[in-house]
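*Asks:* My questions will all concern the structure given below.
In the working numbering, the protein residues as written are 43 to 285.
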């Protein structure tokens, strides 16, 4: 999925790719955030809730039928609609005064109605400056065979950094790895003492702050810092930082 925006401090296209339980969200600058979640959590975060439904956008009588268009090969009904200003304020990062919104709804036999394209343009103010902007949502390659691959800039987890058994909610951002472990802080800390040494890492300073354990490891000119803390819902939260 590609989401393109203009007229903001960081305009560009955000790319979202999901394969199984792994999702990548890549910014216009080229960096990617990788998350690994259960199927249920992934659907909530990047699945159904990111797909706009016609009934959610055509909820008032304040819309007008324009005609029929073809969007990425899909015949669609074109409407203009006035979306809630608070929704556009979030997109504009300011206060909007003029909004123009167009929505295209798929209208193909044997295919459910879905939003094939949504385009919002606005005028407003941000920090006492006049701004204009646009935001476009579009679905493409519907009902076509496609090959989904991880993005070229996807972060890679070093093979010699172990993950605790049964980990969930893994997130990779640059040189930082976040994950949840089902075991206690003490058990997870001992796991890393054993496994990091087995994989050739040399233990450095280890310290504790309340219930949190911090470990330092080195291998050649590489360095790994671990922070292991109690999880919000039991188990442990682990943050791994590599240098």
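Every residue gets a Cβ at the ideal spot worked out from N, C-alpha and C, and that includes glycine.
Remember, it's a predicted structure, so these values are computed and weren't measured experimentally.
If contacts are defined as beta-carbon pairs under 8 Å, then residue 265 and residue 285 qualify, I think. What distance do you get, rounded to the angstrom?
*Replies:* For the purposes of this step, residue 265 is taken as residue 223 along the chain shown, with counting starting at 1. For the purposes of this step, residue 285 is taken as residue 243 along the chain shown, with counting starting at 1. Right, their Cβ atoms sit about 4 Å apart.
*Asks:* Skipping 5 residues on each side, what residues in its chain have a beta carbon closer than 6 Å to that of residue 109?
*Replies:* Residue 109 sits at position 67 when you count from the first residue of the chain shown. Contacts found: 120.
*Asks:* Quick one: residues in its chain with C-beta nearer than 6 Å to the C-beta of residue 215, no 5 flanking neighbours on either side, listed in chain order?
*Replies:* Position 173 of the chain shown, counted from the first residue, corresponds to residue 215. 75, listed in sequence order.
*Asks:* For residue 123 and residue 145, which I take to be in contact (beta-carbon distance under 8 Å), what is that distance rounded to the nearest angstrom?
*Replies:* Residue mapping note: residue 123 aligns to position 81 of the chain shown, counting from 1. Residue mapping note: residue 145 aligns to position 103 of the chain shown, counting from 1. Correct: roughly 6 Å between the Cβ atoms.
*Asks:* Can you list, in chain order, the residues of its chain whose CB lies under 6 Å from that of residue 238, leaving out five sequence neighbours each side?
*Replies:* What you label residue 238 is simply residue 196 of the chain shown in a count that begins at 1. Cβ neighbours of residue 238 beyond the five flanking positions: 259.
*Asks:* Ignore the nearest five residues each way along the sequence and tell me which others in residue 273's own chain have a CB closer than 7 Å to its CB.
*Replies:* Counting from one through the chain shown, the residue named residue 273 turns up at place 231. If we look at residue 273 and ignore the five residues flanking it on each side, its Cβ neighbours are 222, 279.
*Asks:* So what does DSSP say about residue 256, is it helix, strand or coil?
*Replies:* The residue labelled residue 256 in the question sits at position 214 within the chain shown. Strand at residue 256.
*Asks:* Three or more C-beta pairs closer than 8 Å, one from the stretch 175-183 and one from the stretch 156-167: is that the case here?
*Replies:* Cβ pair count under 8 Å is three or more, so yes.
*Asks:* Can you tell me where the beta strand (DSSP E) holding residue 246 begins and where it ends?
*Replies:* One-based indexing of the chain shown puts residue 246 at position 204. 244-251 is the extent of the beta strand (DSSP E) around residue 246.
*Asks:* Out of curiosity, what's the CA-to-CA distance linking residue 57 and residue 182?
*Replies:* Here residue 57 is taken as the residue at index 15 of the chain shown, counted from 1. Here residue 182 is taken as the residue at index 140 of the chain shown, counted from 1. Their backbone Cα atoms lie some 13 Å apart in a straight line.
*Asks:* Under the rule that 16 or more other beta-carbon atoms within 10 Å means buried, what is residue 293, buried or exposed?
*Replies:* Nothing can be reported for residue 293: it is not among the residues displayed for the chain, which extend from 43 to 285.
*Asks:* Kindly indicate the opening and closing residues of the alpha helix (DSSP H) around residue 231.
*Replies:* Here residue 231 corresponds to residue number 189 of the chain shown, with the count starting at 1. Note, residue 231: alpha helix (DSSP H), 227-240.
*Asks:* Between residue 148 and the rest of its own chain, which residues show a CB-CB distance below 7 Å, the 5 nearest in sequence each way excluded?
*Replies:* Here residue 148 is taken as the residue at index 106 of the chain shown, counted from 1. So the list reads 116, 118, 155, 156, 158, once near-sequence residues are dropped.
*Asks:* Can you tell me which of the three DSSP states residue 211 falls into?
*Replies:* Stepping through the chain shown from its first residue, residue 211 is reached at position 169. Reduced to three states, the DSSP call for residue 211 is strand.
*Asks:* Restricting to runs no shorter than 3 residues, where is the beta strand (DSSP E) found entirely within the stretch 139-204?
*Replies:* Qualifying beta strand (DSSP E) stretches, in chain order: 157-168, 171-180.
*Asks:* Counting along the chain, where does the beta strand (DSSP E) carrying residue 24 start and finish?
*Replies:* This structure gives no information on residue 24, because the portion of the chain shown stretches from 43 to 285.
*Asks:* When DSSP labels each residue in this structure, what does residue 279 get in the three-state scheme?
*Replies:* Looking up residue 279 in the chain shown gives position 237. The answer is strand: DSSP assigns residue 279 an E or B state.
*Asks:* Please classify residue 112 as buried or exposed, where buried requires at least 16 other C-beta atoms within 10 Å of its C-beta.
*Replies:* Here residue 112 is taken as the residue at index 70 of the chain shown, counted from 1. Exposed is the call here.
*Asks:* Does the Cβ of residue 5 have 16 or more other Cβ atoms within 10 Å, making it buried, or fewer, making it exposed?
*Replies:* This structure does not reach residue 5, given that the chain is present from 43 up to 285, and the question cannot be answered.
*Asks:* Please work out which residues of its chain come closer than 6 Å, Cβ to Cβ, to residue 254, disregarding the five sequence neighbours upstream and downstream, and give them in chain order.
*Replies:* Numbered from 1 along the chain shown, position 212 holds the residue referred to as residue 254. Result list for residue 254: 271, in chain order.
*Asks:* From 211, 199, 251, pick the residue whose C-alpha is nearest to that of residue 79; which is it?
*Replies:* The residue labelled residue 79 in the question sits at position 37 within the chain shown. Residue 211 is the option with its Cα nearest to residue 79.
*Asks:* For residue 234, does the count of other Cβ atoms within 10 angstroms reach 16, so buried, or fall short, so exposed?
*Replies:* Position 192 of the chain shown, counted from the first residue, corresponds to residue 234. Answer is buried; the Cβ neighbour count reaches 16.
*Asks:* Based on the DSSP output, what are the partners of residue 78 in its beta bridges?
*Replies:* Counting from 1 along the chain shown, the entry for residue 78 is found at position 36. Answer by DSSP bridge pairing, in chain order: 64, 212.
*Asks:* Mind checking whether residue 267 and residue 283 have CB atoms under 7 Å apart?
*Replies:* Locating residue 267 in the chain shown gives position 225, counting from the first residue. Locating residue 283 in the chain shown gives position 241, counting from the first residue. For residue 267 and residue 283, yes; Cβs fall inside 7 Å.
*Asks:* What separation, rounded to the nearest whole angstrom, lies between the Cα atoms of residue 106 and residue 143?
*Replies:* Translated into the one-based positions of the chain shown, residue 106 becomes position 64. Translated into the one-based positions of the chain shown, residue 143 becomes position 101. When rounded, the distance between both Cα atoms is 11 Å.
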